[in-house]
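Residue numbers (the working numbering), protein chains in the order written: chain A, 1 to 318; chain G, 1001 to 1318. See below for the structure under consideration.
2 protein chains.
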Amino acid sequence: MDKFDRKLDQAARAAWLSYVGGRTQDEIASQLGVSRPGVQRLLALARQEGLVKVHIDHPLANCMVMSDAILKRFGLDFCDVVPADPEASNGSAHYLAVAAAERLARYLDRSEPLTLSLGTGRSVRAMVEALSRLDRPQHRFVSLVGNVARDGSANRYDGVMVLADKTGGERFLLPAPVVAGSVEEKEAMLNQRLFQAIAEVAKEAEAAFIGVGRIDRQATLFQDHFISEAELDELLSRQAVGELLGWPLNQNGEVIDCSITRRVTSLPLEMFRDQALVALAGGRDKGPAILAALRGGWLKGLITDENAARFIIEAENL
Amino acid sequence: MDKFDRKLDQAARAAWLSYVGGRTQDEIASQLGVSRPGVQRLLALARQEGLVKVHIDHPLANCMVMSDAILKRFGLDFCDVVPADPEASNGSAHYLAVAAAERLARYLDRSEPLTLSLGTGRSVRAMVEALSRLDRPQHRFVSLVGNVARDGSANRYDGVMVLADKTGGERFLLPAPVVAGSVEEKEAMLNQRLFQAIAEVAKEAEAAFIGVGRIDRQATLFQDHFISEAELDELLSRQAVGELLGWPLNQNGEVIDCSITRRVTSLPLEMFRDQALVALAGGRDKGPAILAALRGGWLKGLITDENAARFIIEAENL
DNA sequence: TCAGCTATCGATCAAATGATCGAACAGGAG
DNA sequence: CTCCTGTTCGATCATTTGATCGATAGCTGA
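So this is what it looks like as structure tokens:
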């Protein structure tokens, strides 16, 4: 890997010359003694490896105003609103990921040992992907939602896995699905020694980065067959609009007590009252779910996008 | 200025789409509803206004090794070594400025009131230029070196001026030249109430960012006629190799006692023993001067470039 | 109200960038 | 020793970007 490192060095130097120094690839080529396409490749490598971090240093007035309003309204510690990108198919997922990674990095920067927990979902996954490598073997990362799918297979590339790989920290994975098949199954899981041990670690976490789920036909819970169609209908009839870690919430953010709730294996939301629970979700159609989470007072931090933020602002008449 | 702000907003959005989102100017144009050249202009504006911050996230092995060696050798709190740019006429001045601005920003980030002092010189000036705007009206900035030229004119664009403009902080300017015309003149200056008041503020500073001067025919002190040719020769004959705030240093970093020293109006170097004195200088020919400052143990932090760093490493057999 | 000026905008062109493809080279197997 | 395979490198071309210049619109002052 020495060869690779040497290449990365050169890539960093090329990136420096190009992005900070503003010189052309031709100049860089003659300076580093490689061909112009060589420089091209180096720069591509640098970007691919995440060596190049771009930061736009301007509080986009829109976003700024909205984030401030939400911050004050719900008494959050922080609220980041990233601009929307209607052109991109996945909304502003990438911006969200970058912003979230910046928040995450602030925690990780600490040199004292730290315990962090992570939920599942694309957003969380994208966040850790966007994070740059950072040597922090002293930290511990807990997955709050089982990395076991319905069929029992473990997901090698859980967010916690990637994060632990990037930092060299310890990993703790909950050996359970989000929603157990039955109440008995849930009981059995909760009584496992391993489950309890890991739950214990999760309790020590300082912050938790989680996604926010919608409750409708597009809901992950339903799509991944954790709940049946009948159960989805039950949730809808009981006015469920969102979900945190599998716990269904109504419009006011209260956890709905129903047949599904009794099978959720996640740690109770109450547990996070004295942790920094950070939600990470964007898109107008996640608006109601995010709003519910906010109204319930569950969150300490929110990273969202313009569309969801606007929905919240309008719904709350801010 | 509302118009301008609106434009800046759009510029930030365009920059975001371009640099973070990686889309082409055509796409951005159709999205923002302006022409392609319009996007071009917006991006130019964004860069010019310093909205776009690029950070290369890789410890360039060379620089890393050298900065570590220097750090350990001289017991510094930090040492940043930026890569050299032999192509650029002014060496790596811009890189140096960016790196220094990053350090400076770390101090400024604090919300509690802070007092900082600044020296003069191109490097210091370039540092504050490279800094992004940041609202910190609670901070105070003191100029350690008089902003009065030999002819009595005040320099409107002193580093402290720019810094105070950018942050909205308070400014304190030393109403004196670096080296007084005579011992009597120095005495007169030091006894001014205003001078003493400002010196008092400077004593409260937490950190000081200063340049390092060479002592030779290219020396700023000489070029700006603060010392005569005869005096320069005197300094050289007494083995002066560098200068901090106008105080000449010999090879071992000791302040040289001579006719010039008695006319220097700057605050005594001893005063900075319990402040974070950060030096900011690059280029191989500044090597001896920087080395002297290091050997004297005056510095807590150093921001330099590959060339000067290599000189130091070699001179100290590291 | 109109003339003149300035600032902004968009068409056009040169430069720089990114991508593809074929060639050369090194390493390993027969 | 030769041939094959996989990789890296550099020439070439399409696309994107940056800059210049003329035109237009809006503003100022008479």
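Backbone N, C-alpha and C define an ideal beta-carbon position, used for all residues, glycine too. None of these values were measured; they are calculated from a predicted model.
In this chain, Lys53(A) is not harboured by any alpha helix (DSSP H); it is covered by the beta strand (DSSP E) spanning Val52 to Ile56.
Residue-level contact check: Tyr1019(G) touches chain A, since one or more beta carbons of chain A fall below 8 Å from its beta carbon. Taking C-beta separations shorter than 7 Å and ignoring five residues to either side along the sequence, the partners of Arg1136(G) in its chain run Leu1108, Thr1167, Gly1168 and Gly1169, following chain order.
Rounded to the nearest whole angstrom, the C-alpha separation of Glu1229(G) and Ala1084(G) is 32 Å.
Across the structure, Arg310(A) and Met66(A) are spaced so that their CA atoms are roughly 7 Å apart. The C-beta of Ile303(A) comes no closer than 8 Å to any C-beta of chain G.
Note that the segment 126 to 141 of chain A touches the segment 91 to 105 of chain A; at least 3 beta-carbon pairs, one per stretch, sit closer than 8 Å.
Under the three-state reduction of DSSP, Asn1191(G) is assigned to helix.
Counted as a single uninterrupted DSSP element, the alpha helix (DSSP H) harbouring Gly1287(G) occupies residues Gly1287 to Arg1295. Within the DSSP bridge table, the entry for Glu170(A) names Arg140(A) as partners. By the C-beta criterion, the segment 1267 to 1283 of chain G is judged not to be in contact with the segment 1181 to 1193 of chain G, since fewer than 3 inter-stretch pairs fall below 8 Å. Of the candidates Asp305(A), Gly301(A), Ser266(A) and Leu318(A), the residue whose Cα lies closest to the Cα of Ala176(A) is Ser266(A). If the five residues before and after Gly1033(G) are omitted, its C-beta is found closer than 6 Å to no C-beta atom of its own chain. Separation of the CB atoms of Leu236(A) and Ile215(A) is rounded to 7 Å, and the pair is thereby assigned contact status at 8 Å.
The beta carbons of Phe1195(G) and Leu1174(G) sit about 7 Å from each other, so the pair counts as a contact at 8 Å. Between Phe226(A) and Leu232(A), the alpha-carbon positions lie close to 10 Å from each other. For Pro137(A), the nearest beta carbon of chain G is not closer than 8 Å to its own beta carbon.
Counting C-beta pairs closer than 8 Å gives three or more between the segment 1048 to 1066 of chain G and the segment 10 to 27 of chain A, which meets the contact rule.
Within the segment 215 to 288 of chain A, complete alpha helix (DSSP H) segments of at least 4 residues are found at 220 to 223 and 229 to 237, given in chain order.
Between the segment 189 to 207 of chain A and the segment 251 to 258 of chain A there are fewer than three C-beta pairs closer than 8 Å, too few to call the two in contact.
Ala1084(G) is outside the set of residues whose beta carbon lies under 8 Å from a beta carbon in chain A.
Taken atom to atom, the span from the alpha-carbon of Glu1243(G) to that of Val1212(G) is near 6 Å.
Only Val1054, His1055, Ile1056, Asp1057, His1058, Pro1059, Leu1060, Ala1061 and Asn1062 from the segment 1054 to 1066 of chain G bring a Cβ to less than 9 Å from some Cβ of chain A.
As computed with DSSP, Val162(A) is found in no beta bridge at all. Judged by DSSP secondary structure, Leu32(A) falls outside any beta strand (DSSP E) and instead within the alpha helix (DSSP H) spanning Gln25 to Leu32.
For the segment 107 to 129 of chain A, the set of residues with a beta-carbon nearer than 9 Å to any beta-carbon of chain G is empty.
Burial check for Gly297(A): the Cβ neighbour count within 10 Å stays below 16, so the residue is exposed. Apart from sequence neighbours up to five positions away, the residues of its chain that approach Leu1043(G) with a beta-carbon distance below 8 Å are Ala1011, Ala1014, Ala1015, Ser1018 and Gln1025, ordered along the chain. Cα atoms of Arg171(A) and Ser117(A): separation of roughly 10 Å, rounded to the nearest angstrom.
What Ser1132(G) touches in chain A, judged by beta-carbon distance under 8 Å, is Asp57, going in chain order. Here Arg262(A) has Val183 and Lys186 as same chain residues with Cβ atoms under 8 Å from its own Cβ, once five neighbours each way along the sequence are excluded. Exclusion of the five residues before and after Arg1036(G) leaves Gln1025, Asp1026 and Ala1029 as the residues of its chain whose Cβ lies within less than 8 Å of its Cβ. In the structure shown, Leu1104(G) falls within a helical segment according to DSSP collapsed to helix, strand and coil. Taking a Cβ-Cβ threshold of 8 Å, the residues of chain A close to Val1098(G) are Val20, in chain order.
Non-local beta-carbon contacts of Glu49(A) in its own chain, meaning distances under 8 Å to residues more than five positions away in sequence, involve Leu8 and Ala11 in chain order. Between the alpha carbons of Lys1286(G) and Glu1316(G) lies a distance of about 15 Å.
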